[in-house]
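Peer 1: Take the sequence shown: its letter number 343 is residue 343 in the UniProt record's numbering, and every next letter is one higher. Here a beta-carbon is modelled for each residue, glycine too, at the ideal position from N, C-alpha and C.
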Amino acid sequence: MPAAAPSFEKLMQKSPRPTDHLAITLGPFFIVLFDLVVPCIIYYVWYNTHHHSHRENDCNASGPELPKCSPESHQINRHILGYAIVSFGIGELYILIARVCRLFLHPDECAPLLSRSRWELDATSWVYGVSMICALIPFVISSSQEMPILFLYSPAFLLGFLAILMLITLVPFRIPIGIDSQPRGTPLRPLIYYAAEDFMAVDFLQDRDFRIRYNLRYEQSKAFRRMLFALTLWWLFGVCVYLGSVSAVIWTLQFHYAFGLSLGVLFAFLGEGFLPLIRIPTMPPPPSSAATTTPPTRPFHPSAAVLLIYPATLILGSLFSVLSPTAQPASPQPSSATNPLPSHHQQHVAINYFARKDNIFNIYFVKVGWAWMTLAFATILLAHPASIQRPRRLLQAGLRYILVTTVWYSMTQWFLGPPIIDRSFVWSGGRCRRTMNSMGEMQTEGDSDEQRLGVYLTAATCKSAGGAWRGGHDVSGHVFLLVLITAALGFEVLGLMEAQAESDTGTGAAEKKQDSVGGWRKTWPVRFVGSVIALSWWMLLMTGIWFHTWFEKVRSLSRFFIATATATELS
Numbered sequence: 001m002p003a004a005a006p007s008f009e010k011l012m013q014k015s016p017r018p019t020d021h022l023a024i025t026l027g028p029f030f031i032v033l034f035d036l037v038v039p040c041i042i043y044y045v046w047y048n049t050h051h052h053s054h055r056e057n058d059c060n061a062s063g064p065e066l067p068k069c070s071p072e073s074h075q076i077n078r079h080i081l082g083y084a085i086v087s088f089g090i091g092e093l094y095i096l097i098a099r100v101c102r103l104f105l106h107p108d109e110c111a112p113l114l115s116r117s118r119w120e121l122d123a124t125s126w127v128y129g130v131s132m133i134c135a136l137i138p139f140v141i142s143s144s145q146e147m148p149i150l151f152l153y154s155p156a157f158l159l160g161f162l163a164i165l166m167l168i169t170l171v172p173f174r175i176p177i178g179i180d181s182q183p184r185g186t187p188l189r190p191l192i193y194y195a196a197e198d199f200m201a202v203d204f205l206q207d208r209d210f211r212i213r214y215n216l217r218y219e220q221s222k223a224f225r226r227m228l229f230a231l232t233l234w235w236l237f238g239v240c241v242y243l244g245s246v247s248a249v250i251w252t253l254q255f256h257y258a259f260g261l262s263l264g265v266l267f268a269f270l271g272e273g274f275l276p277l278i279r280i281p282t283m284p285p286p287p288s289s290a291a292t293t294t295p296p297t298r299p300f301h302p303s304a305a306v307l308l309i310y311p312a313t314l315i316l317g318s319l320f321s322v323l324s325p326t327a328q329p330a331s332p333q334p335s336s337a338t339n340p341l342p343s344h345h346q347q348h349v350a351i352n353y354f355a356r357k358d359n360i361f362n363i364y365f366v367k368v369g370w371a372w373m374t375l376a377f378a379t380i381l382l383a384h385p386a387s388i389q390r391p392r393r394l395l396q397a398g399l400r401y402i403l404v405t406t407v408w409y410s411m412t413q414w415f416l417g418p419p420i421i422d423r424s425f426v427w428s429g430g431r432c433r434r435t436m437n438s439m440g441e442m443q444t445e446g447d448s449d450e451q452r453l454g455v456y457l458t459a460a461t462c463k464s465a466g467g468a469w470r471g472g473h474d475v476s477g478h479v480f481l482l483v484l485i486t487a488a489l490g491f492e493v494l495g496l497m498e499a500q501a502e503s504d505t506g507t508g509a510a511e512k513k514q515d516s517v518g519g520w521r522k523t524w525p526v527r528f529v530g531s532v533i534a535l536s537w538w539m540l541l542m543t544g545i546w547f548h549t550w551f552e553k554v555r556s557l558s559r560f561f562i563a564t565a566t567a568t569e570l571s
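#1: Starting from F104, trace the alpha helix (DSSP H) both ways and give me its first and last residue.
#2: Determine whether the beta carbon atoms of W370 and W408 lie at a separation below 8 Å.
#3: Quick one: what's R174 bridged to in DSSP?
#4: Could you have a look at residue 573 and say whether DSSP puts it in helix, strand or coil?
#5: CB L103 to CB S131, shorter than 8 Å?
#6: Taking the alpha-carbon positions, what's the L381 to A534 distance?
#7: Using a Cβ-Cβ cut-off of 7 Å (strictly less than) and excluding sequence neighbours within five positions of Q514, which residues of its own chain qualify?
#8: Could you work out which residue in L33, G260, W538 and W427 is closest to L81 when comparing CA atoms only?
#9: Please work out which residues of its chain come closer than 6 Å, Cβ to Cβ, to T232, disregarding the five sequence neighbours upstream and downstream, and give them in chain order.
#10: With three or more beta-carbon pairs closer than 8 Å as the criterion, would you say the region 31 to 47 touches the region 245 to 254?
#11: Where A487 and V265 are concerned, what is the direct C-alpha to C-alpha distance, given to the nearest angstrom?
#12: Considering Cα atoms alone, identify which of M542, M497 and F547 is closest to G530.
#13: Short of 8 Å in beta carbon distance, which residues of its chain neighbour V171, apart from the five on each side in sequence? Order them along the chain.
#14: Consult DSSP for M12 and reduce its assignment to one of helix, strand or coil.
#15: Can you tell me which of the three DSSP states Q182 falls into?
#16: On the CB-based measure, 16 or more other CB atoms within 10 Å of its CB, does E9 come out buried or exposed?
#17: Roughly how many angstroms separate the alpha carbons of A223 and L11, rounded to a whole number?
#18: Leaving out five residues on either side along the sequence, give the residues of the same chain with a beta carbon under 7 Å from the beta carbon of F354.
#19: Tell me which same chain residues have a C-beta within less than 7 Å of the C-beta of S154, skipping the five on either side of it?
#20: I'd like to know whether the C-beta atoms of residue 573 and L114 end up nearer to each other than 8 Å.
#21: Of all the options D108, L270, I149 and C432, which has the alpha carbon lying nearest to the alpha carbon of D209?
#22: Would you call Q347 buried or exposed, if buried means 16 or more other Cβ atoms sit within 10 Å of its Cβ?
#23: Would you kindly work out how many angstroms separate the C-alpha atoms of S476 and W234, rounded to a whole number?
#24: Specify the secondary structure class of L231 as computed by DSSP and reduced to three states.
#25: When you compare only the Cα positions, how much space is there between G417 and F425?
#26: Let me make sure I understand the geometry here. Which of G430, F361 and F255 has the alpha-carbon closest to that of C462?
#27: Could you work out which residue in S262, L395 and R356 is closest to L150 when comparing CA atoms only?
#28: Run through DSSP, which three-state label would V32 get?
#29: At the level of alpha carbons, what is the spacing between G27 and L33?
#30: Let me know the secondary structure DSSP gives E441 once reduced to three states.
#31: Have a look at E92 and I31 and give me their C-alpha separation to the nearest angstrom.
#32: Say whether chain D places a C-beta atom closer than 8 Å to the C-beta of R174.
#33: What separation, rounded to the nearest whole angstrom, lies between the Cα atoms of I421 and V404?
#34: Cα separation between A123 and G178?
#35: Around the C-beta of M539, are 16 or more other C-beta atoms found within 10 angstroms, so that it is buried, or is it exposed?
#36: Do the CB positions of I315 and V37 come within less than 8 Å of each other?
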């Protein structure tokens, strides 16, 4: 009979919370923000602002004595590219600093097994730092040799250095120095082995016990060694494909296309690199005795980190409005005898349905958003069994609704007169400008009636009087409303699901069968509330694309975070 397969101890035995080391938890967010979003915003905002007007002026000025203008003449600015590439390294530098701080401050918990000093750190930190230095090589060369196209090769130099190390580690020669937990004189192991050990122990908070189990697994399991070798080959192949793809993009496309697409190729490569890990099964834990009972698992409690979806949504909308040619505002219709209004009163031609303020979702959903929020809130509390059976929880939820409603009403409707949003607009220098009189004539800027309107009118009354807000910071009420709706309903649904999971723990078979008969009472309220949340998020994204400046949206978001923190503490 063949020998039974050996049972191995589970590698990752700790289940840390994301807040246990928040600095490392935020690492992926900073990678996406500073490696993709910020560089694109820096470059394409400059490109859309300067390229068209400057190129047209230069082409009109070019004559027989001047060189012919080229499409590439205003696609490159070395200073702008420098800022974009520098921002590219902020995410990596942040992760490096965060993990070095943990290694230096807590060496007894996560340092390599053979570490004799906290200054040794681990192999991944040193390789990480050297690879970032390699990424600076094209940055320095392009700055000194007037070759701006080399700016785009910074990620390629970083990954090229790692590819060389991968190729070297495929040869199992005896190492002259100790590497991480591997002593001197033992065969060299694949690069993915060292990277996985360090990232799991330090970044995933598995600590030194994981290093012991990890080394033992590698020594005892031939299949485990083959898997790490195959993963190293996979990443090496991926780097080669990435280098070829990014070179084709850089040398065949115009620069303003190559800039964004080269970053897209980079993140596609990273996704391809982690693809094999999705289907790799974990080793089963050692068999336990029959008498051992598994304690009930505590349901997931939502963290405040989920609120990061809101700045991410606004960043996505702003990025789309900058990059997409369809998101650029149309030119206003020229003044004529039939259209005597000044340019700032002329209507822009909407090139997208959601860019129109009279679209059906804006009129019948956003404009009456709090009515939908109230209906959804009442549905989830009064129709779901988990709320009906708990009067105390029902009372707490009612208090939360009163608090968020008070916040919404004081911010957008009334606060001892005009709402807070309108007051902040007036405080920042805004006024109700150029109101129309009953004859349809435009009043002058210095009209005393206009000044009185600017002091006393709210945004709604100013618009109904034929005027418009001018001069101040118009905080986006849509952003505040939609974010408040999705957050209030979302956290309420998550709390309800947690309460339902706790009530289901230990429920007998007969009770579960009885609950299944009325299962529709549990599902349809959640589906209805989920639809309200999804539509609110979609309209938030549309607001991020088509309406308000970035500063106005950030101010609305900051007010939401302050209001949410206050309501949470009071409830």
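Peer 2: Well, looking at it:
#1: I90 to L105
#2: yes
#3: P187
#4: Missing from the structure shown is residue 573; the chain here goes from 1 to 571 and no further.
#5: no
#6: 19 Å
#7: Low confidence applies here, because Q514 scores a pLDDT of 47, under 50, leaving its location unreliable; read the following figure in that light. If we look at Q514 and ignore the five residues flanking it on each side, it has no Cβ neighbours.
#8: G260
#9: M166, P190, L191 and I192
#10: no
#11: 34 Å
#12: M497
#13: L188
#14: coil
#15: strand
#16: exposed
#17: 15 Å
#18: M542 and W546
#19: I85, F88, A135, P138 and F139
#20: Here the chain comprises residues numbered 1 to 571, so residue 573 is not present and cannot be evaluated.
#21: D108
#22: Reliability of the predicted coordinates at Q347 is poor, the pLDDT of 47 falling under 50, and the value obtained from them is presented with this limitation in mind. Exposed: under 16 other Cβ atoms inside 10 Å.
#23: 47 Å
#24: helix
#25: 14 Å
#26: G430
#27: S262
#28: helix
#29: 10 Å
#30: Any reading at E441 is ruled out, since the residue's pLDDT is 46, under 50, leaving its predicted position unreliable.
#31: 7 Å
#32: Judged by its chain identifiers, the structure shown contains no chain D, having just a single protein chain.
#33: 16 Å
#34: 10 Å
#35: buried
#36: yes
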